[in-house]
Structures are given as C-alpha cells and as structure tokens.
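If you're matching them up, the sequences are chains A and B in order. Quick note: to get this note's numbering, add 96 to the position in the first sequence (first position is 1). Quick note: to get this note's numbering, add 12 to the position in the second sequence (first position is 1). Some notes on the structure that comes next.
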Amino acid sequence: MTTATGATRGDCETLEEYAQNLRLHALAMTSRGKSSHIGSVFSIADILAVLYGRVLNVRPQEPGWDQRDRFILSKGHAGAGVYAALALAGFFPVERLKDHYQNGSQLSGHVSHKGVPGVELSTGSLGHGLGVGVGMALAAQRKAQNHRVVVLLSDGECDEGSVWEAILFAAHHKLDNVTAIVDYNKIQSLDLVANTLGLEPFADKWSAFGWSVTEVDGHDHGELATALEATASRNGQPNVVIAHTTKGKGVSFMERSVLWHYRSAQGDEFDAAAAELKGRTESDVV
Amino acid sequence: MRDHFIKALTAEAEHNSDIVLITGDLGFSVLDDFAERFPSQFYNSGVAEQNMTQLAAGLALEGAKVFTYSIGNFTTLRCLEQIRNDVCYHNLDVTAVAVGGGFSYGQLGMSHFATEDLAILRALPAMTVVAPSDRRECELLTHQLVKMGGPAYLRIDKGSSGEEDNEASPPQLGKLRTLRTGDDLALICCGGILAEALGAAGKLADRGINATVISAHTVKPLDGEAIVELARKMPIITVEEHNITGGLGGAVAETILSASVQCPGFARIGLGDIYPEIVGDQQYLRNVYKMDAPVIENTALELLGSV
C-alpha cells in the first residue's frame, strides 16, 4: 500500500484518517437508520477520501463555484459515503449526518441534491450518472472550460445499456475532460459479478470503446491519487479508472459479503465494526 | 407541423447560443438547416435515447436550453426514467420533442403509435405537456416554450387541423384557444384531430346545434379555470388521438369533478384502451377507432338527447 502525500481538505490530517472517519460516519449513519449498503460505501470510502480530500478542485464554502470539478455518484445507493465525504470536506456540518435516513430528512438513502450542498446530481436508479456527466463534460467542452467531470459507477451498474451509450458518445466526441471510476468489487446485488453477468475482459472492453484505461488498487491512496491526478491531463480520450476494490473493506466480517449489501450493523456487530475501524486510526468519530 | 417547430427553434437559436438540439438519429432533411447553421448547437446522440436525455440533463445542468428530438415514443417512453429522475426532479430546461403524435405514422404499426404519451408525461411533476393542433400553433408555442424554460414535452402531429390562418385567438401556453364559439356544447381537443371536431361542429351547425371548439394545446398545466367556466354552461366532449385513459379527457374530467361543477353532460372520445393491431393512414385509423367527425357528431347528438 502506498500513501498519497500532500495536504488533505477538511480537518483530517491524512487521507487515511479521512477514509476511516468516512467509514465510521457511514457505519453510524446506516446503523442509526437501519439502512442497507454499508458494504457498498466501504468499497468506495478510499476513492471518496482521495477525491474529496485531495484530487477534486472544489470549494466547500462555495459549492456553486463555476470552475469546480463536477463529481457524480452514479451508484447512488452508496450516498451515505458521499454525504460523509462532503461533511468531512466542510460542505456542511458533520452533525447533519445524524439526519441521514430519518423522517423528514433530505439526506436520503440514495444520494440527493435537494438541500445538500456539493451534490451535483441525484441518483439511485443505476445507469444515469455517466450519461449526465458526459453531458456536463460536453457543456464544458462547448464553453472551453477547464474543469473536469468525475463519475463513480459500480460494476453491477455496467449491466445497464445506458452506460454503454454514454461510453460510445464520450469517445466519439473525444471528451477527455470526463473520468469514470468503476468500483470493481466483483460483487453485485445477489451474487458475484462473474456469476451474474460477467464483465471480463472489462478493461479491454473500455479500451475497445476508445477510453484510456488505468487499473488501480481501489484502496491504495497513493495509486488512486496518482491515477486520478493523471487523468486530469488531456489526451483526446475519455478516462476510466478501474478500481479493484473489496466490498465491505475495512471491517473484516463485512468484506466480500453480499449480506452486507443489505444488512445494517446493530448491537455487538456495530461495536465490533466500530472498534475495528477505530483501532486503525484511533479516531474519535462515533 | 415539424417544419414549423424547427423554424421557431432556428429563429430562437439565432440569438441564443444556449439552445442545443439533440436528435436520436432521426429528422432526415428536417434538421439539416439547423445543423448547418448552428453546428456547435446540434448533436446526434445516435440511436440512444436514454443517453440523449442524459446528455440533455447534463447540458441543462450547465445552463443550456436543450431540445431532444425523435419520433413517436422514442423521446418519451424509451427514456422515461431519465426524463423523470434527471430532467424533472432537477427541474431542468429540457423539452422532449416527439414527431408523430397519435396515428401520425399509422402505417408503421403499434411501436410507432404515440397513444399513451400524454397520460404518462402528464403524470410527471414539473412537466409541461403541449400538443399543438396546427402548424402556426406549434411554431408560436415553441417560441413560448423557449421563453418559459423548465421540463416540457412537445407532441407534434403530422396532420394539422388547418387553422393556421385563424388569428382570432392566438395560442398562449397554458390557456385554452377557442376556434369556434357556440352555446350548445364544447368540443375540447388537442392535436391535429381538432380538424375532426371542426368537421363535426360544421355538421352540427347544419342541425342548428352550435358548438364551441377549443384547442387545449397545453394539456398540462390545463387551463382549469376556463374548463370549469365551460362546464358550468354546456356539455363537454373531449377529443384526442390518444388512449381514453389519463390523457386530455382524463385531465378535463379531473378538473370538472374537483371543482364540484354540475356539467350538463360529458363524454370522452379517444382510443378505447387497446393496442391497435392493424395499420392504415391517420384518417383511416381515426375512423376505425371511432374518433372521427361522424363519431364526434353522433356523440354530441346523444349527449344532447337529440337522437
């Protein structure tokens, strides 16, 4: 594992602390709300930490800044992770995370932009985010703007035909200002990707469709930061970072388990998960 | 009618570089002039309507005023969730334009009959639903849609009611347009099938029955106040080249019932909740599926107790 060097946005000292605090917040949010998808959040916690803690050019105090990088979570079911990432970056107070999934809250289980500073697009139905992101990238190309659009997809989401429609369009129009990240944890809703609708040879598919492909360890902050910073340079091709991840990463009994796509940690399970996460960073979150 | 849509959009694009037209690989010969004059405002998404609508949402999020274009149900039903989640929920300035309302493509078969679109699009919050009845109405309402902004659906018929020169009542988005005035009953229509209502009104006049004929081009938001005003005075028949369920007739019925008005009579004319299994030209199918002028005339006579 490598570590990314440099300053971290928000109050965390390091990206490792950012990622683990994000996991702890998400654990608390999903446990409090008895909501699903903690495994999906843990899978992308390091990606979100590297993006919001370092790579994305955003201003938490000015969420509508027109030169900001745009980020879309297309796998909207991991919305708790984005809310936590935004709060840790300073878009809104972390105390607000306690509202997640509660009656009357705008912090819905699937990520929503309504009343949540920093969220560009509400998602939840898979297959929408990349196409909308490509549209935003097209707008930037038309206006000769320099910001970029980053879209995070799940692997199961790549079953959707609308994703491949967007992939075709982005390559045809040479939208090198768009970066897709695929959270390739190899597990989808009911079973392994390989047992459901196989994606391999996955990198070759993206490449054949005209995208510039980078494969990284999706939990290695150094690799992630290097790859995501490299995709900011323009080469006439849209970029995809295939991030090899572990569903449930960070809590041993949640890792690689379909169960934790649905289950929320309660009681002893919550205590065990929190202890395991806190043990790594000595965090005071939760 | 589609030529008048593109004429209006071209005029708007001349002084508004935010206007973007995306076609789902249809519009042969119709869009050429626009594409040549405004190459940076025109895209062909390919045969990919979901992505066409996703692109539209992305562009609109960045300030563009986008029109998506295809035929029949391709700009609506094929990408309905993109319209709902991406366009409507984000309240974006995107108008889905469908060429070929109702039986416009009557010979092409069921896949190309847009006969549930009004009902389905009308059910989406934030959506404006427009079905012009003639070419001029289409042109003027396109200009008004550009000015209004927000999510919209523009349903363009192949056939026109032929009322292009009728300037008595210029179309105004969200308002009923009265094309003929009478005190005995009102025929409220949307789309080119208004021609059938005018034909029926002529026949009824020969019998001494005077019908008001209205283009309810804006199916949503419907001009409820004007509908209720009519319902207080005379029987109403709605006419639409669309399924009888949930379209203009449904919208008018909801309006009248919600206002607790005692309408002297009410009937809906439209496609009887079926999928047609035969083909034919628009006029032929209107006749077969009982929504042409003689059917409207007979329905009026029955409603008025004259038969």
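Glycine included, each C-beta is placed from N, C-alpha and C at the ideal position.
Can you check whether the C-beta of residue i is within less than 8 Å of a C-beta belonging to chain B?
i        : result
PHE265/A : yes
ARG238/A : yes
VAL246/A : no
GLY135/A : no
GLY214/A : no
GLY227/A : yes
SER258/A : yes
In chain A, which residues lie less than 7 Å from residue i when you measure between Cβ atoms?
i        : result
LEU315/B : Per Cβ cutoff of 7 Å: no residues; LEU315/B is ~44 Å from chain A at best.
ALA68/B  : GLY231
GLU26/B  : Under the 7 Å cutoff, chain A gives no residues; its nearest Cβ is about 17 Å from GLU26/B.
Find the residues of chain B that neighbour residue i, judging by a C-beta separation of less than 7 Å, and give them in chain order.
i        : result
GLU261/A : ALA60, GLN62 and ASN63
Closer than 8 Å by beta-carbon distance: list the chain A residues that pair up with residue i, in chain order.
i        : result
ASN97/B  : SER218, THR219, GLY220, SER221 and HIS224
HIS320/B : Lying before the first or after the last residue shown, residue 320/B is absent from chain B, which here runs from 13 to 319.
GLU93/B  : SER221 and HIS224
With a 10 Å radius around its C-beta and 16 neighbouring C-beta atoms as the bar for buried, classify residue i as buried or exposed.
i        : result
ASP103/B : What sits at residue 103/B in the sequence shown is Asn, not Asp. With fewer than 16 other Cβ atoms within 10 Å, it is exposed.
GLU158/A : exposed
ALA135/B : exposed
ASN63/B  : buried
PHE40/B  : exposed
ILE277/A : buried
GLU309/B : buried
GLN116/A : buried
LYS210/A : exposed
ILE290/B : exposed
ILE239/B : buried
GLY160/A : exposed
HIS317/A : buried
ILE31/B  : buried
MET122/B : exposed
ARG244/B : exposed
Give me the chain B residues within the contact set of residue i, using Cβ-Cβ distance strictly less than 8 Å, ordered along the chain.
i        : result
LEU234/A : TYR55, LEU67, GLY70 and LEU71
Establish whether the CB of residue i and some CB of chain A are separated by less than 8 Å.
i        : result
ALA76/B  : yes
GLU48/B  : no
SER82/B  : no
GLU309/B : no
Closer than 8 Å by C-beta to residue i: which residues in its own chain qualify, once you throw out the five before and the five after it? Chain order, please.
i        : result
TYR117/B : ILE83, GLY84, HIS124, PHE125 and LYS170
ALA323/A : THR310, VAL312 and VAL337
GLY141/B : With the sequence shown as reference, residue 141/B is identified as Val, and Gly is not the correct amino acid for it. Excluding sequence neighbours, VAL141/B sits near LEU130, LEU133, ARG134, ALA164, TYR165, ARG167, THR230, VAL231 and LYS232.
HIS315/A : MET97, ASP142, THR341, THR342 and LYS345
ARG96/B  : LEU136
THR88/B  : ILE95, ALA108, ALA110, ALA126, ASP129, ILE132, LEU133 and TYR165
LEU288/A : LYS282
Quick one: residues in its chain with C-beta nearer than 7 Å to the C-beta of residue i, no 5 flanking neighbours on either side, listed in chain order?
i        : result
GLY262/B : ALA131
THR110/A : THR104
GLN284/A : ASP251, GLY252 and THR292
SER173/B : SER145, ASP146, GLY204, LEU206, ALA207 and LEU210
ASN178/B : LEU191
GLY236/B : THR267
Please return the same chain residues whose Cβ sits closer than 6 Å to the Cβ of residue i, not counting the five positions on each side in sequence.
i        : result
PHE349/A : none
SER303/A : VAL309
VAL245/A : ARG166, GLY229, MET232, ALA233 and VAL274
VAL99/B  : ALA69, VAL106 and PRO163
VAL225/B : LEU191, ARG192, LEU199, ALA209, LEU210 and ALA213
ASN56/B  : THR35 and ASP37
ALA305/B : GLU208, GLY211 and ALA212
THR22/B  : PHE46
Find the residues of chain A that neighbour residue i, judging by a C-beta separation of less than 9 Å, and give them in chain order.
i        : result
GLN274/B : Neighbours of GLN274/B on chain A: none; closest Cβ ~41 Å, over 9 Å.
SER52/B  : ARG238
GLU252/B : Result: empty, since nearest Cβ-Cβ is about 30 Å, beyond 9 Å.
If we require 3 or more residues per run, which beta strand (DSSP E) segments fall completely within the region 203 to 285 of chain A? 245 to 250 and 274 to 280
Jot down the residue ranges of each uninterrupted beta strand (DSSP E) in the region 168 to 209 of chain B, minimum 3 residues, whole runs only, in chain order. 189 to 192 and 197 to 202
Going residue by residue through the region 277 to 327 of chain A, where are the continuous beta strand (DSSP E) segments of at least 3 residues, counting only ones entirely within it? 308 to 313
Quick check for students: name the residue ranges of the alpha helix (DSSP H) that lie wholly in the region 331 to 382 of chain A, counting only runs of 4 or more. 363 to 377
In the region 195 to 282 of chain B, which residue ranges form an unbroken alpha helix (DSSP H) of at least 4 residues, counting only runs that do not cross its ends? 206 to 218, 236 to 245 and 260 to 270
In the region 61 to 140 of chain B, which residue ranges form an unbroken alpha helix (DSSP H) of at least 4 residues, counting only runs that do not cross its ends? 61 to 73 and 129 to 134
Beta strand (DSSP E) runs contained entirely in the region 135 to 172 of chain A, provided each spans 3 or more residues: 166 to 169
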